[in-house]
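Residues 4 to 384 (my numbering) are what the sequence shown spells out, left to right.
Ideal Cβ placement from N, Cα and C applies to all residues, glycine included.
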Amino acid sequence: MVPPSSAIIIPLLLAIPAADAFSSSSYGGDGGGIGGGFGAPISLDRFRATCPADLDAVLRFDPTLLDVGSSGKTMATAGDDDVWVAVYRSANNLPSVFVRDAFFDAMRVSTSVVVGGGGGGAMRDDSEMLVSSSSSFSVGVDGGAIMISNDNDDGETPVAVARLGRDVNPCNDDGGQSSHYIIDSMRCALRKEETDPDCDGGSEHAEAIGICIDELVLAYLRKHSEMEKKRRSRGNGDDDYVDVVRGAGVGCERRMSFDGGIHFRGTLVSGRLLDSRGFREVDELSADMHSHESDYDGALDKYSERSTSRDVAKYQGARDRALRIVSYLGRLDREEDKRRSRSRTLMRKKNKRIGDGDAAVGDDDEGESDFDPWASVKKFI
């Protein structure tokens, strides 16, 4: 005789398709799993990121990135504000992917020229994109079969790197040192021409670049949060936290605000990724020639959409980064952040007008009245 409870459970089990009853579904159900309630398929992350990244990883990707910084100084004497991110292939990729990367790495070695002499010479590709080995997996042939092994996890070469650093162009908005940060030195070894609809952004190149942007935005927000904690611990009230610049011996105000605090020189590929993350395009060019800058309202809106989007929910890493960014933005004082951004913009415009006026006066003092615009053609008259 079948117990009454089994008489209820057995028909329910029979109603479940066999393929779903004996396999772990990759689709989020109502209230469960990633993308729960959306029926979003869960995809394994192709890439993993390390931020802050070890400088040795950046050297393995491209030694020329650390030879000279954007300020003309070697990275050994650069400031402590620089944060690097390195993106690697995860173990979720197929073996054929590593075979393909090894093939392209061999092509890079055969078509690169050595810059500099001795053992410290760096290989540079003639193309615009610097290509580097995407992993430390060695590929060999044993008995007609392709064997793939990981030689050294610590020596793995990233597929993309980027840097977040203080903008070295003087803005004269806080004691002579710029309070802006800029994302630069962004390099990716993946081919942007190869599209893949299963990737976040439409291609592996876009997905790797997007991970770099998200990780550096998180690094900036963590730095911003630490500065605010120090300001409150010092009891400065609403005043901005004052820090001492290393090597300068003088104090300068370091007014950090997310709104307009991060600059970026966008390209055709990265510009689309910045727009999807709430960065706004600039109205006028500045000394650092950036095309996009961070926007508080735009970032909060776009990253909130990414954290709940069905298309992004299937990428666990992307969704996690979006949620963390939204969490940091939610802790900021929106009105205070906007006030600092407006104050910094007004001060920069004021100093620019003063500088333009001084330059005009200097040109007049140099004897502009003696300049003859027709001097070059008078000899032909």
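How many Å lie between residue i and residue j at the Cα?
{"i": "residue 303", "j": "residue 378", "result": "59 Å"}
{"i": "residue 168", "j": "residue 185", "result": "6 Å"}
{"i": "residue 229", "j": "residue 101", "result": "40 Å"}
{"i": "residue 266", "j": "residue 51", "result": "24 Å"}
{"i": "residue 294", "j": "residue 273", "result": "11 Å"}
{"i": "residue 97", "j": "residue 263", "result": "41 Å"}
{"i": "residue 114", "j": "residue 219", "result": "32 Å"}
{"i": "residue 318", "j": "residue 204", "result": "11 Å"}
{"i": "residue 290", "j": "residue 337", "result": "27 Å"}
{"i": "residue 183", "j": "residue 342", "result": "15 Å"}
{"i": "residue 347", "j": "residue 215", "result": "27 Å"}
{"i": "residue 193", "j": "residue 161", "result": "10 Å"}
{"i": "residue 316", "j": "residue 282", "result": "21 Å"}
{"i": "residue 49", "j": "residue 210", "result": "9 Å"}
{"i": "residue 270", "j": "residue 287", "result": "17 Å"}
{"i": "residue 280", "j": "residue 322", "result": "13 Å"}
{"i": "residue 103", "j": "residue 63", "result": "19 Å"}
{"i": "residue 344", "j": "residue 328", "result": "19 Å"}
{"i": "residue 226", "j": "residue 311", "result": "26 Å"}
{"i": "residue 84", "j": "residue 330", "result": "23 Å"}
{"i": "residue 202", "j": "residue 313", "result": "13 Å"}
{"i": "residue 165", "j": "residue 237", "result": "33 Å"}
{"i": "residue 60", "j": "residue 170", "result": "23 Å"}
{"i": "residue 235", "j": "residue 188", "result": "34 Å"}
Can you list, in chain order, the residues of its chain with a C-beta nearer than 7 Å to that of residue i? Leave out the 5 residues immediately preceding and following it.
{"i": "residue 284", "result": "294, 295"}
{"i": "residue 340", "result": "260, 261, 262, 299"}
{"i": "residue 2", "result": "In this structure the chain extends from 4 to 384, so residue 2 is not present and cannot be described."}
{"i": "residue 99", "result": "none"}
{"i": "residue 297", "result": "261, 262, 263, 264, 265, 282"}
{"i": "residue 231", "result": "none"}
{"i": "residue 278", "result": "none"}
{"i": "residue 25", "result": "Low confidence applies here, because residue 25 scores a pLDDT of 35, under 50, leaving its location unreliable and the question unanswered by this model."}
Can you name the start and end residues of the beta strand (DSSP E) that residue i belongs to?
{"i": "residue 166", "result": "163–169"}
{"i": "residue 377", "result": "Note, residue 377: premise wrong, no beta strand (DSSP E); not H, not E."}
{"i": "residue 92", "result": "86–92"}
{"i": "residue 51", "result": "50–53"}
Spatial neighbours of residue i within its chain, please: C-beta separation below 8 Å, excluding the five flanking residues on both sides.
{"i": "residue 199", "result": "205, 206, 207"}
{"i": "residue 292", "result": "268"}
{"i": "residue 332", "result": "224, 261, 299, 302, 303, 306"}
{"i": "residue 2", "result": "Summary: the structure shown does not reach residue 2, with the chain confined to residues 4 through 384, and so no result is reported for it."}
{"i": "residue 423", "result": "Residue numbering for the chain in the displayed model covers 4 to 384; residue 423 lies beyond these limits and cannot be assessed."}
Starting from residue i, trace the alpha helix (DSSP H) in both directions and tell me its first and last residue.
{"i": "residue 63", "result": "58–64"}
Our contact map puts residue i next to residue j with C-beta atoms below 8 Å; I'd like the distance itself, whole angstroms only.
{"i": "residue 325", "j": "residue 299", "result": "That belief does not hold up - the Cβ atoms of residue 325 and residue 299 are roughly 16 Å apart, past 8 Å."}
{"i": "residue 55", "j": "residue 86", "result": "5 Å"}
{"i": "residue 213", "j": "residue 276", "result": "5 Å"}
{"i": "residue 222", "j": "residue 190", "result": "At roughly 17 Å, the Cβ-Cβ gap does not stay under 8 Å, so residue 222 and residue 190 are not in contact."}
{"i": "residue 94", "j": "residue 53", "result": "Actually they do not touch by this definition, with Cβ atoms about 15 Å apart."}
{"i": "residue 69", "j": "residue 58", "result": "6 Å"}
What does a CB cutoff of less than 6 Å around residue i pick up in its chain, not counting 5 residues either side in sequence?
{"i": "residue 217", "result": "324"}
{"i": "residue 309", "result": "315, 325"}
- Message: Which complete alpha helix (DSSP H) runs does the region 299–333 hold, if anything under 4 residues is left out?
- Response: 299–311, 313–316
- Let me know the beta strand (DSSP E) ranges lying completely inside the region 253–284, each 3 residues or longer, listed in chain order. Those beta strand (DSSP E) runs which fall completely within the region 253–284 and span 3+ residues are 254–256, 265–267.
- Message: For a minimum of 3 consecutive residues, which ranges assigned as the beta strand (DSSP E) are wholly contained in the region 188–239?
- Response: none
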